[in-house]
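Colleague: A single structure is presented below for examination.
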Amino acid sequence: MANLILILGDQLTTDISALEDADPKTDRIVMAEVHDEASYTNHHKKKLVLLFSGMRHFAQQLKTDGWQVHYQRYHPENPGQSLEAVLAQQIKDHGSERVITTECGEWRLHEQVSQWQESLGVPVEIRPDSRFFATKQEFAAWAEGRKQLRMEFFYREMRRKTGLLMTSDGQPEGGEWNYDADNRRKWTGKPAAPAPFRIAPDAITGEVIEMVDTHFKDHFGTTEDFHFAVTAEDAGQALAHFIDFALPCFGDFQDAMSDDEDWLFHSILSPYINCGLLDPLTVCEAAARAWYAGQAPINAVEGFIRQILGWREFVRGIYWMTMPGYARENRLGNTRDLPWFYWTGDTRMRCMHKAIDATRRNAYAHHIQRLMVTGNFALLAGVRPEEICDWYLAVYADAYDWVELPNVLGMVMHADGGYLGSKPYAASGKYIQRQSDHCKNCHYNVNKSTEDDACPFNSLYWHFIDRHRDDFANNPRMGMMYRNWDRQKPERRAALLARANDLLDHLDTI
Ligand code: FAD
Ligand code: DLZ
6 MANLILILGD QLTTDISALE DADPKTDRIV MAEVHDEASY TNHHKKKLVL
56 LFSGMRHFAQ QLKTDGWQVH YQRYHPENPG QSLEAVLAQQ IKDHGSERVI
106 TTECGEWRLH EQVSQWQESL GVPVEIRPDS RFFATKQEFA AWAEGRKQLR
156 MEFFYREMRR KTGLLMTSDG QPEGGEWNYD ADNRRKWTGK PAAPAPFRIA
206 PDAITGEVIE MVDTHFKDHF GTTEDFHFAV TAEDAGQALA HFIDFALPCF
256 GDFQDAMSDD EDWLFHSILS PYINCGLLDP LTVCEAAARA WYAGQAPINA
306 VEGFIRQILG WREFVRGIYW MTMPGYAREN RLGNTRDLPW FYWTGDTRMR
356 CMHKAIDATR RNAYAHHIQR LMVTGNFALL AGVRPEEICD WYLAVYADAY
406 DWVELPNVLG MVMHADGGYL GSKPYAASGK YIQRQSDHCK NCHYNVNKST
456 EDDACPFNSL YWHFIDRHRD DFANNPRMGM MYRNWDRQKP ERRAALLARA
506 NDLLDHLDTI
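Numbering (the working numbering), first residue to last: 6 to 515.
Below, the structure written as structure tokens:
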């Protein structure tokens, strides 16, 4: 039977389930750069380059391996500007009898693919995505009957299932499941942070950069200094670079931020893992090997593996269990628009400027910048979840709805009523001061709260606490905050709320 096998831009691996049992003699692989996928959000230019160049390299590899590949390069005048249109034309041209694909990662596209059997007039087989540790069904079975879901318990299941960092008698290596308490050090410049892995653009990437600069010039960010890997081989080198140079300090400085360093000791592997260039098990095994070989401490290796085996799987499970309703959640009733400086970085708040500027240049910011700076600010300011989710989906090279949405709507905005996290990660400027050196270079004074030059995070924090008393006062993890707030003198509380209200009225100019 002659099949069309559709491989999406974030499925760049020969281990993808759509290729299982495929026959290079009769089956035809389809890959297409299309306007619909390239423009459903304002994708960062570097993400477009990564995916289009990654797709072109992967298609070339498939052809070299003997596959028949139909590859459509992007052009605004191509007749097929959606995946469905490209498939329809291929079916017409080749009389293909069936379409095979691996389930996609976004509800938006999933809904379309589910209609294809009818619209294309041939059977469409949608196979599970086997690149995850837990199937959707396994996660749903684990979650069933639980009122709140906690990553830690799911993570332990995944440790037991995979045997990662487990002793032969089923105990966690080192005696503890979680070494997070050791992972909160501030970074003061020593040890020096390693430069991130870089690879110079080859001719294919060069062509893609030119194309993106021509046809996607209004998209966020820049293609300048593009240095991501675009092949599995080079992504493997990026993994080796991380294990050798950054993993040993990953744990210690996992929650640190710096005015001078964009990347610190993070792996910068999410863009590759999410588009298929790296396999999550390979990544976790490489980290575990470093611990067994004495090259990295347990707090670093466990902390790193937990992010992939725990958080990444956990948010994916939640996404598929709760969509499409999850995307509409707004349990804190936020109504504010996203301040314009999220797109420009043009704000006097040093930490915000630094995080947004790095995002614009690199299509990357590390977890603490996303969670405790840009995320924390949106939470405190009461930005509508839909708007802040759209921003996060657009600006990062690793962003796909399945991973971005639960992180933003659940973890950051607490818009799901605490289904994903037991308490909001709301924090004042003190947290940012403790974890970074931004405050010493800031226009605002982190030690002030009510004055004109006071750090905006301080009064906005108390405004958040005050306006959400009904939501959080009975939360055992928030009780102390309410006691602290209630202990303050009425004049002090009034001054804090006045300062916050003034900031909220002038968000675009702070
Ligand atoms: P490292 O710090 O080196 O972590 C190692 C790996 O763990 C990452 O590569 C990633 O695969 C995984 N990981 C870590 N934390 C998470 C998490 N919370 N959820 C899922 N995987 C995780 N991650 C994305 O891949 N895509 C997104 O669109 C995305 N949006 C986010 C939005 C917000 C508001 C927040 C708070 C987090 C978001 N994350 C997202 C999670 C995390 O910030 C990124 O995975 C991480 O910063 C990627 O950089 P890294 O590869 O250097 O990660
Ligand atoms: C993100 C993306 C972009 C920008 N472009 C394409 C594309 O042109 N062709 C394609 O097959 N896939 C692309 N992708 C990835 C898809 O949007 C992705 O598969 C879905 O968002 C589901 O995760």
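Even for Gly, the Cβ is constructed at its ideal location relative to N, Cα and C.
For clarity, every value in this text was computed on a predicted model and none was experimentally measured.
Pick helix, strand or coil for glutamine 312, following the three-state DSSP scheme.
Modeller: Three-state result, glutamine 312: helix.
Colleague: Pick helix, strand or coil for proline 196, following the three-state DSSP scheme.
Modeller: coil
Colleague: Aspartate 342 and glycine 350 look like a contact to me (Cβ under 8 Å); what is the Cβ gap, rounded to whole Å?
Modeller: Wrong, their Cβ atoms sit about 17 Å apart, outside the cutoff.
Colleague: At what residues does the alpha helix (DSSP H) containing arginine 333 begin and finish?
Modeller: It is not in any alpha helix (DSSP H) - arginine 333 carries neither H nor E in the DSSP assignment.
Colleague: Where does valine 235 fall in DSSP's three states?
Modeller: The DSSP-derived three-state label of valine 235 is coil.
Colleague: Are the CB atoms of arginine 136 and alanine 23 nearer to each other than 8 Å?
Modeller: For arginine 136 and alanine 23, no; Cβs fall outside 8 Å.
Colleague: What are the boundary residues of the beta strand (DSSP E) that includes tyrosine 76?
Modeller: 73-77
Colleague: Would phenylalanine 233 and histidine 49 qualify as a contact pair, given that the criterion is a beta-carbon distance under 8 Å?
Modeller: no
Colleague: Could you give the uninterrupted runs of the alpha helix (DSSP H) lying entirely in the stretch 260-348, keeping only those of 4 residues or more?
Modeller: 275-280, 285-297, 303-310, 318-327
Colleague: Look at the Cβ atom of glutamate 178, then the Cβ atom of tyrosine 405, and state whether they are nearer than 8 Å.
Modeller: no
Colleague: What alpha helix (DSSP H) runs, 4 residues minimum, are completely inside the stretch 431-467?
Modeller: 434-440
Colleague: Am I right that leucine 502 and aspartate 471 are in contact with their C-beta atoms under 8 Å? What's the rounded C-beta distance?
Modeller: 6 Å
Colleague: For methionine 418, is the classification buried or exposed, using 16 other Cβ atoms within 10 angstroms of its Cβ as the cut-off for buried?
Modeller: buried
Colleague: Considering only DSSP beta bridges, list what alanine 505 is partnered with.
Modeller: According to DSSP, which records beta bridges pairwise, alanine 505 is partnered with nothing at all.
Colleague: Measuring alpha carbon to alpha carbon, tell me which residue in Gly281, Leu314, Ile273, Tyr277 is nearest alanine 293.
Modeller: Leu314
Colleague: Under three-state DSSP, which class holds asparagine 8?
Modeller: strand
Colleague: Can you tell me whether aspartate 134 is buried or exposed? The criterion is at least 16 other CB atoms within 10 Å of its CB, across all chains shown.
Modeller: buried
Colleague: Near methionine 36, what residues of its chain come up, given a Cβ to Cβ distance below 7 Å and the 5 sequence neighbours on each side ignored?
Modeller: Ile12, Met60, Ala64, Val74, Tyr76
Colleague: Since aspartate 32 and isoleucine 10 should fall inside the 8 Å C-beta cutoff, what is the C-beta to C-beta distance between them, to a whole number of angstroms?
Modeller: 6 Å
Colleague: Between the Cα of phenylalanine 386 and the Cα atoms of Ile209, Leu512, Asp98, Thr219, which residue gives the shortest distance?
Modeller: Note on residue identity: the sequence assigns alanine, not phenylalanine, to residue 386. With distances taken between Cα atoms, alanine 386 lies closest to Leu512.
Colleague: Whole angstroms are fine: how far does the CA of aspartate 284 sit from the CA of threonine 210?
Modeller: Whole-angstrom Cα-Cα distance: 22 Å.
Colleague: How about methionine 163 and glutamate 391: are their beta carbons less than 8 Å apart?
Modeller: no
Colleague: Kindly give me the distance between the Cβ atoms of serine 441 and glutamine 153, rounded to whole angstroms, as I take these residues to be in contact under 8 Å.
Modeller: In fact, because the Cβ distance is near 31 Å, the residues do not count as touching under 8 Å.
Colleague: On the criterion of 16 or more Cβ atoms from any shown chain inside 10 Å, does threonine 106 qualify as buried, or is it exposed?
Modeller: buried
Colleague: For the ligand FAD, which residues count as neighbours when the test is a C-beta closer than 6 Å to any heavy atom?
Modeller: Here the residues come out as His271, Ser272, Ile273, Leu274, Ser275, Ile278, Asn279, Phe309, Gln312, Ile313, Trp316, Arg317, Val320, His371, His372, Arg375, Leu376, Gly380, Tyr397, Tyr401, Asp403, Ala404, Val408, Glu409, Asn412, Val413, Met416, Val417.
Colleague: Buried or exposed: serine 124, going by 16 or more other Cβ atoms within 10 Å of its Cβ?
Modeller: exposed
Colleague: May I have the straight-line CA-CA distance separating alanine 145 from threonine 193, to the nearest angstrom?
Modeller: 43 Å
Colleague: Compute the beta-carbon to beta-carbon distance between lysine 359 and histidine 443, rounded to the nearest angstrom, for a pair I have assumed lies under 8 Å.
Modeller: 6 Å
Colleague: Per DSSP, what kind of secondary structure is threonine 227 in: helix, strand or coil?
Modeller: For threonine 227, the secondary structure class from DSSP, reduced to helix, strand or coil, is coil.
Colleague: Helix, strand or coil for valine 35 per DSSP?
Modeller: Here valine 35 sits in strand by DSSP.
Colleague: Round the Cβ separation of asparagine 188 and glutamine 259 to the nearest angstrom and send it over; I've been treating them as touching at under 8 Å.
Modeller: 5 Å
Colleague: Taking Cβ positions, are isoleucine 96 and valine 129 nearer each other than 8 Å?
Modeller: In this structure, valine 129 does not lie closer than 8 Å to isoleucine 96 by Cβ.
Colleague: Are there any heavy atoms of the ligand DLZ lying less than 7 Å away from the beta-carbon of glutamate 38, as far as the coordinates show?
Modeller: Yes.
Colleague: May I have the straight-line CA-CA distance separating serine 454 from cysteine 447, to the nearest angstrom?
Modeller: 14 Å
Colleague: Hey, out of Arg336, Ala383, Arg353, Pro276, whose CA is closest to histidine 371's CA?
Modeller: Pro276
Colleague: By DSSP, does isoleucine 131 sit in helix, in strand, or in coil?
Modeller: strand
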